[in-house]
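Read through the structure below, which is laid out as structure tokens, and then see the notes.
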Amino acid sequence: MISYYKLLVFRPVLVLFVISIFSLSCIITTLILKSPPDFSDPTLGFEARGTEISKRITTWRNLLEETRPSGSLVVNPKELQQHEFDKKHRKKKNRHQKKKLKFDEKMRKLKEFATNKSYNINIVYNSEDDIGNDTFIEGHNHYDYGTNKSYDEQRENKIKEAKKKKWKGFLNLDPPPLTSTDFHSTDGYFCESPNKEYIHFVIKRIGQNVNESMFDTNSLHSMCDLEQKLMEIEGYNDLCQKEISSPNCCRPWSLPNYVALLSNKTSCRNINDEDVSLAKSLLFECFQYYHGLKLNYDCTQSKCRVPDECAQFNAVYNILHFLTDRDFIKLNETVENLSAAMMFLPIARSKDALPFYHNLIKKGESVMQTDSVGIVAMDMGIKNALFDECLLSDAWLVGLGGLFVIICMWLYTSSFFVTVNTVIAIVLSLGMSYFIYIIIFKLKFFPFMNLLVLIVIVGIGSDDAFIFMKIWHCVYTERFRKNQNTPLTPSSSFASEPYGDSRDSLIGVMAKTLEHASLSMLVTSLTTAAAFYASFESSITAVRCFGIFAGTTVMVNYLLMITWLPASVSISERIYCFSRSWFINFGYFSAPIDKIFKFYSQLSGRIESMIVTLVINYSVLWILLLGSFGLLSAGFVLYWPKLELPDTPTFRLFVDNHPFEIYETKYRDLFWFEKMYTSSDSFKLPIRFIWGVKPEDNGNYLDPTSRGKLQLDNSFNVSAPESQVWLYEFCSRLKRQPFYQMSFGLLVPNCFIENLMSWMARKCKDSMSDIDRNPCCESSTFPYAPDVFDYCLPESIFALYETPREFFIPGVAGPKFQIVERTNSSIITQVKALVVECDSNQSFSHSYSEMETFVNNVQTWFQKELSKAPPGMKNGFFISELDFFDLQETLSKGTTKALLMAMSVALLVLLLVTLNVLVSLYAIITVTLTIFSIVGTLVLLGWKLNILESVAVSTAIGLAVDFSLHYGVQYRYSKENDRKSSTKFALQMIGPTVMAAITTGFAGVLMLPSSVLAYTQIGVFLVVAMSISWIFSTFFLMSLLSLCGPEYGFGQFSFSAAINFKNGRNEAKNIKSQIEAINNKIQQQSNEQLLSASSSAACDFLDSENHEMEMDSLSNSVVKTISINSSTTMPSISSMRQLSLDRSFKKKNVFVKDTSPSTNSTVTVCQIDDDSDFYKL
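For the sequence shown, full-length UniProt numbering gives the first residue as 1, with consecutive numbering after it.
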């Protein structure tokens, strides 16, 4: 690593240049090779992929796609055969038409020759067979008999004149009446009737008397004034629908205009109390007919059985259906209450209305309100287009947050050069991450959620910069203190002589700074990136893509922070003019800037001292207070009110007070015309049982447009007799289930086996037409032979499709055929898929628990039925309209998985970094309470577990663990032994955590004014997450460490000790083997010397010089003690002093020698001194 430190110190410009060239090359390559991301459909990718239900849904869609005319499956094989026959017939017909055209061309030429006076040519028709031949006679002087040339010319001219008159008659005809339910005239007053596809506004009473009805003269006059203001907005005349007879705009459809129409007034400003009363009486009188569905959209075309005044101008229907809320008039009541009214402008709902919307918003309340009424919601059909525009227009808020981060970083680092380069590093990290995402990972889909990474990476990048600069200044100060007593030389200390040659000192400072800072930045980057990458566990495409891009950006930012940032700091230290002193050289700015930095330094010092005092002196209070808050938040999250699942399939794009969102969430279902389109109250869920295809999604889960291909199940065989019987019994049992809804109709194709049996029961001989229907008749008995089944089933399907549409409407149920073989005379098909469909009695619901019960009931019953099915029918599956339910289930389970994965990674990183059991335990407790507090606060703010919220929950882990990691690492690095001093040391490093919390939190605050919901939600999340994370890590974790933290190395592990322990065990084994060898040698020599009675030496090999020992005397028992003291040469004894073994070898080794009768018994004792190195292993 020393080479890398030297490179950062000696060649920092080269490092910046290489990184800049590489980064810019990546960014430019991506912009050239790939088109920019498209956010025109912001909801794209907000669906589950890879789940069991989503695989079935994808398979179902692919099956429908394959049954299209361009697909490989057909629903009516006879129609395909007829198509092939028609195709061949068309070829023959075309050949005949070509011959006829040639004949007509020749006849035309012959007539031209015959009528041309410059040529004496006559055409002679010999007979009918001669027509079409090329035989003609030139130079003939007279016509054949019976040929009247003048008569033929007159007849041809008459035909041409008749055609011209007929065509002129067609041109003069009036256009046919429009049969659309939405477009018809109202006697010239309105151009058409109101239509959902025109932009419309919801109008309510404002000011005083808000709860009173709006159906009075004053309110209607106010609506009329509001209508006039809207028509005067710039761009209205360019977009409005024009009248046919004049260039004027069509009249808006509003309640005062209809009152004027019923009163025969030309303007809504002329209506009076009497007109309003008459209109109200008419509505009360005719409401019963509207409620009884006797009024329709146009009673002038289709005669309605209602009084004439109720059908006049279709005014009653349009007022009740389009312009007033559902509770305006209630049946059998005489009092009306108009709480909301609708106004339609003659402008189509399209992107072209976007400029009109901007002009409307610029005018504000002056146009959207009057004294008593105002516009509270609207639908202009530009929601997606406006969202795409706001994503870029609100980016200035991100820039404002970045400016605040720059100011804070400049104050903290005291170097403008380092601050600018940190911002550049953040920008480059985004560009390089986009290159990796698009080019390396080859991901085509880039959801708009990925833009939120810009907000997150600003906080993370600044946090890393704060850590590096804090450690840099600490090392710098420590080096300065050590060199205070050293003679000042150009090479002794760069701190004492900044303009001297400080390269050697810079290498040491750079090495020590990176040694500590790289570890701190690595652990925070790893935990945050792991939280993002954990989102890949989600089955939602947009969430997966966001996790990949965000995690990659965090890690790329870390690489730049250990390369780009150190090089920038190295240049800043050596080129002093780019630091704070650059401004001091200017006398005018020196004083105020110096005061700012001095004030900031004093303020930060006081805050740091105050926080240390609060933590040390009030530890118990903080533990009780914050612990109680965390446990209370856990109750909010787990029990009540809980983090609920979304209750609407509509994905919100803007904030709650936006008029588009207000319309969709509050007012859309208040009007009958919208209720008919959007209500799911009467929608019964269909149940579809599918065989023949595998429920697989082999498309790219990271690309919402890639759906894969349909996979057929080769084991499917409905032609087998046992399959026919089982299918018939299955349909019978299905009708007896509690979730089955009885369907009524003459011909139902859903369970085709029943229709096939009825169709096969016909007579084999038709006496009238003399047609033999064998084998598709009563001669074949159920179950049918496979060949009979395969032949007769297409015939029955063809007969079913020939049924009049009054009795049979083709659906998606029934068998699906595939062409097996083509012959000249016929097409052979085979059933490859089967769909059995029926209605259920379960209405569509947004309630997860209700839908879960329905799905489980059907799935359990169907799996039980499949267990009894024959081999050809075992691989079926069930599907319904479960897209929203699948999304809810994915959010519920996927978020929990991502949460557990992120927590596991955080715990692992904590253990690896701190290597202290107690510090890791306290940190995990702090992180857990922090997450509960963050999520609990968001629950109280009204958040639901939607897509963005699920990402925020998993991301909270990465942000919550960062501060705890910082404090844990600093506590671990403390040189003090007691817990109080270690806590103070860790709190003195509070600067980076405070600045990171302030910058990231304030960047979130600056996003709150945005109208884009994603921006405001990420802003709220950053404010809540950073605030709670910093408070818990500073006051709860540090209070725990101050009160009961480890001290004097308790519970502390180290990698070096583990390595030395392993090596020590190996060396201890070697020493033990050497000792055993020595004892064996002693025993061997003793035996050799004791073989004779005159032996005078025993164990003499351990003498310090020649390994000889003299015996004092001989006796019946010869016992010699061998001492191994510290001077005795022992292999690897000195190297083992650092080891700590659980046991010592403080014992005497007794070797019993030969006890034969011919020799005396000799015992040799080898005793090792207690002071020997061997006992200090």
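Where is the CB? At the ideal position from N, CA and C, for every residue including glycine.
Nearest-angstrom Cα distance between residue i and residue j?
| i | j | result |
| --- | --- | --- |
| R56 | D325 | 40 Å |
| F739 | Y667 | 33 Å |
| S840 | Q741 | 5 Å |
| L506 | I19 | 21 Å |
| N62 | G71 | 10 Å |
| L386 | F448 | 14 Å |
| N296 | F844 | 27 Å |
| V951 | D697 | 24 Å |
| V13 | K363 | 54 Å |
| I21 | P659 | 47 Å |
| N218 | T370 | 11 Å |
| A634 | L710 | 46 Å |
| C776 | M760 | 6 Å |
| S277 | N270 | 14 Å |
| Q724 | N875 | 15 Å |
Just to check my reading of the structure: residue i and residue j have Cβ atoms closer than 8 Å, yes? What is that Cβ distance to the nearest angstrom?
| i | j | result |
| --- | --- | --- |
| A956 | V935 | 7 Å |
| A465 | T422 | 4 Å |
| G968 | V913 | 7 Å |
| I457 | S1039 | Their Cβ separation, rounded to whole angstroms, is 31 Å, which puts I457 and S1039 out of contact at 8 Å. |
| T930 | V615 | With a Cβ gap of about 17 Å, T930 and V615 do not count as contacting. |
Helix, strand or coil for residue i per DSSP?
| i | result |
| --- | --- |
| T266 | coil |
| M995 | helix |
| T513 | helix |
| S415 | strand |
| Y784 | coil |
| F689 | strand |
| H966 | helix |
| C1044 | helix |
| Y639 | coil |
| A1014 | helix |
| V718 | coil |
| residue 1234 | No information on residue 1234 is available, as it lies outside the stretch 1 to 1177 that the chain covers here. |
| residue 1178 | The question about residue 1178 has no answer here: the residues shown for the chain are numbered 1 through 1177. |
| V736 | The question names Val, but residue 736 is Arg in the sequence shown. In this structure, R736 counts as coil in the three-state DSSP scheme. |
| I925 | helix |
| A48 | strand |
| E274 | helix |
| T324 | strand |
| K765 | strand |
| I827 | strand |
| I879 | strand |
| D656 | coil |
DSSP puts residue i in a beta bridge; with which residues?
| i | result |
| --- | --- |
| Q369 | G374 |
| W253 | F344 |
| K204 | G374 |
| P815 | L834 |
| N916 | Q1052 |
Tell me whether residue i is buried or exposed, calling it buried when 16 or more other Cβ atoms sit within 10 Å of its Cβ.
| i | result |
| --- | --- |
| T926 | buried |
| N264 | exposed |
| S904 | exposed |
| Y639 | exposed |
| A906 | buried |
| I575 | exposed |
| S25 | exposed |
| F586 | For F586, the predicted model reports a pLDDT of 46, less than 50, meaning its position is unreliable and no value from the coordinates is stated. |
| G942 | exposed |
| N318 | buried |
| D238 | exposed |
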